[in-house]
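Written out below as structure tokens is the structure these notes cover.
Protein chains: 2
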Amino acid sequence: MNQVIETILQHRSIRRFENRPLTDEQIRTIVECAQAASTSSYVQAYSIIGVKDPEKKRKLAELAGNQSYVEHNGHFFVFCADFHRHELIGELEGKDVLPSLESTEKFMVALIDTALAAQNAAIAAESMGLGICYIGGLRNNLPEVCQLLNIPKRVIPLFGLAVGYPAQTPDPKPRLPFEHVYHEDEYNQDRARFLEQLQRYNETVSAYYEQRTNGRRRDTWTGQMADTLSRQVRMYMKEFVEGKGFNLR
Amino acid sequence: MNQVIETILQHRSIRRFENRPLTDEQIRTIVECAQAASTSSYVQAYSIIGVKDPEKKRKLAELAGNQSYVEHNGHFFVFCADFHRHELIGELEGKDVLPSLESTEKFMVALIDTALAAQNAAIAAESMGLGICYIGGLRNNLPEVCQLLNIPKRVIPLFGLAVGYPAQTPDPKPRLPFEHVYHEDEYNQDRARFLEQLQRYNETVSAYYEQRTNGRRRDTWTGQMADTLSRQVRMYMKEFVEGKGFNLR
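Chains as they are written, first to last, in UniProt numbering: chain Y, 1 to 249; chain X, 1 to 249.
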């Protein structure tokens, strides 16, 4: 196993960091690694905002649902889907790019581009001995995040990435069985097989929680998912992304 | 610079592969690396289909716009956003999860989850001496891709990933200037600065193409983007993803 695979397989989210900022050189390396990711037709449809201002970090932590590690970390990145520059390019080159930029296809392109870049950043940071945590909680209140970070039209903050020196060492969380996620030649729709795999995975997840909490918690994965997904959260999102000029046609 | 950062920065897409299949062990490692990526609220909203059947690969290559490297490679993965299992879980646990699964928020979650996993797969493969190329061309005709791979409702193939032993060594493509992509504390909307950066980048990109083509090609990035984005492609996508049960509310 090489160092890359080792780094990837050792991933666990870190939610407590030392009070030690990243250097500008570390930040630059992480961003350059993000930029090295593949990008659909070379569009590079993302921007990254690094937040250092303590007051802004405090406010973001609050907006993300009082997650202290959004405020206290080595550096906080906000990854944004971004067609703002492409709109300017349309003007500059005298071409009508808006119908394309506003399509659901390009919404998908921007999301995928941004996520590929972010994962490179995450892996690069982890390879430097840093820990990371993605912060989807930023999407709780994107209008306020946009205001706080002066984010223009055609730019959507998708998630944060808290990075820093780990002050905890949680265990990696067990993933779905390989056979459940990986299909060969076609999607295997065999329901009985599927349910058996989920049952087996529930046992793995229960054992994981039981061990971590000295027996106080015995969640199953399917129970957790049903609870989470029966709550309707961030239902303003469709209107919000449309207002930003995405996903319109 | 450690091996991880080196691997990430050396990325270039490979579009010609040796005729040498990946081993099952290599495939398993790549998929397990994909699964180790962060996932929003633990939902793991993706599946991966590995295509070995030569006839299916030939057909996928054709659907992707006659890209030969979709047919000829070491292995071909199709990365799918997937809430099929979550719908079953709702039935199993007696909870109504559909309004949540059908939201634009969860559409974004599934796309981001899938892309994070895919980028882990890409980096893992590259660390093993393999080359990769993302295949967005699969989205040219998703209804046929779904039929070919027996893909159910609430599953959308997002892109392919061709992996194999490289039979070419292209140069990495230059990325946007660091300062153009990375903002500090807020999004810098200074238009003059923005245009100056794009101008500088155009020169870099032109020089790259000129050198690669012995002077036959001198594209600028903004010119390329304006051309690409003034074409409306895959405009069926909104209707298609809604038909699959995503992005509805």
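Heads up, the beta-carbon is just placed ideally off N, CA and C, and yes, glycines get one too. In this text the structure is predicted, and so the values were computed from the model without any measurement.
Item: Start and end residues, beta strand (DSSP E) containing Y:Asp82; Value: His75 to Asp82
Item: CB contact flag (Y:Thr169, X:Leu92, <8 Å); Value: no
Item: Where Y:Asn66 falls, given that 16 or more other Cβ within 10 Å makes a residue buried; Value: exposed
Item: Beta-bridge pairing of Y:Phe107 - partner residues as DSSP gives them; Value: Paired residue(s): none; Y:Phe107 is not in a bridge.
Item: Contacting positions in the segment 45-75 of chain X - beta carbon closer than 9 Å to chain Y; Value: Tyr46, Ser47, Ile48, Ile49, Gly50, Val51, Lys52, Asp53 and Lys56
Item: X:Lys56 and Y:Asp190 closer than 8 Å at C-beta; Value: no
Item: Buried or exposed by the 16-neighbour rule on C-beta atoms within 10 Å, applied to Y:Asn141; Value: buried
Item: Unbroken beta strand (DSSP E) run spanning X:Glu102, endpoints; Value: Where X:Glu102 is concerned, there is no enclosing beta strand (DSSP E), given that its DSSP letter is neither H nor E.
Item: Neighbour-count burial assignment, Y:Pro157, 16 or more Cβ in a 10 Å radius; Value: buried
Item: Residue-level contact to chain X via CB, Y:Arg212, 8 Å cutoff; Value: no
Item: Bounding residues of the alpha helix (DSSP H) (the contiguous stretch that carries Y:Leu142); Value: Leu142 to Leu148
Item: N- and C-terminal bounds of the beta strand (DSSP E) containing residue 260 of chain Y; Value: A question about residue 260 of chain Y goes unanswered here, because the residues of chain Y that appear run from 1 up to 249.
Item: Partners in chain Y for X:Ser103, counting only beta-carbon separations shorter than 9 Å; Value: Gln232, Val233, Arg234, Met235, Met237 and Lys238
Item: Contacts of Y:Pro166 in chain X (Cβ-Cβ under 7 Å); Value: Result: empty, since nearest Cβ-Cβ is about 15 Å, beyond 7 Å.
Item: CA nearest to the CA of Y:Cys33, picked from X:Glu239, X:Lys95 and X:Pro177; Value: X:Pro177
Item: Buried versus exposed call for X:Ala207 [16 or more other C-beta atoms within 10 Å across all chains shown]; Value: exposed
Item: Test item: CB-CB of Y:Ser47 and Y:Asp24 under 8 Å; Value: no
Item: Interfacial residues, the segment 192-226 of chain X to chain Y, with Cβ spacing under 8 Å; Value: Phe194, Leu195, Leu198, Trp221, Thr222, Gly223, Gln224, Met225 and Ala226
Item: Straight-line Cα distance separating X:Ala226 from Y:His86; Value: 8 Å
Item: Limits of the beta strand (DSSP E) - the one that X:His183 falls within; Value: Tyr182 to Glu184
Item: Limits of the beta strand (DSSP E) - the one that Y:Pro157 falls within; Value: Val155 to Gly164
Item: Assigned exposure category for X:Pro166 - 16 Cβ within 10 Å defines buried; Value: buried
Item: Neighbour flag for Y:Asp190 against chain X, beta carbons, 8 Å; Value: no
Item: Segment contact flag, the segment 145-164 of chain Y with the segment 66-80 of chain Y, C-beta cutoff 8 Å, min 3 pairs; Value: yes
Item: Cβ of Y:Val43 within 8 Å of any chain X Cβ; Value: yes
Item: Three-state secondary structure assigned by DSSP to X:Ser13; Value: coil
Item: C-beta contact flag for Y:Ile30 and Y:Ala121 at 8 Å; Value: yes
Item: Cβ contact (3+ pairs, closer than 8 Å) linking the segment 66-75 of chain Y and the segment 130-137 of chain Y; Value: yes
Item: Distance between X:Arg212 and X:Met235 (C-alpha atoms, nearest Å); Value: 33 Å
Item: Chain X residues whose Cβ lies nearer than 9 Å to that of Y:Pro152; Value: Tyr187 and Gln189
Item: Nearest to Y:Ile151 (by Cα), restricted to the options Y:Arg16, Y:Ala61 and Y:His84; Value: Y:His84
Item: For X:Ser41 and Y:Gln232, believed in contact at Cβ under 8 Å, the rounded distance; Value: 14 Å between Cβ atoms; not a contact.
Item: Inter-residue spacing [alpha-carbon to alpha-carbon] between Y:Leu98 and Y:Ala192; Value: 47 Å
Item: Below-8 Å beta-carbon distance, X:Glu25 vs any chain Y residue; Value: no
Item: Test item: CB-CB of Y:His75 and Y:Leu111 under 8 Å; Value: no
Item: Contact set between Y:Thr29 and chain X, taken where Cβ atoms lie within less than 7 Å; Value: Ile5
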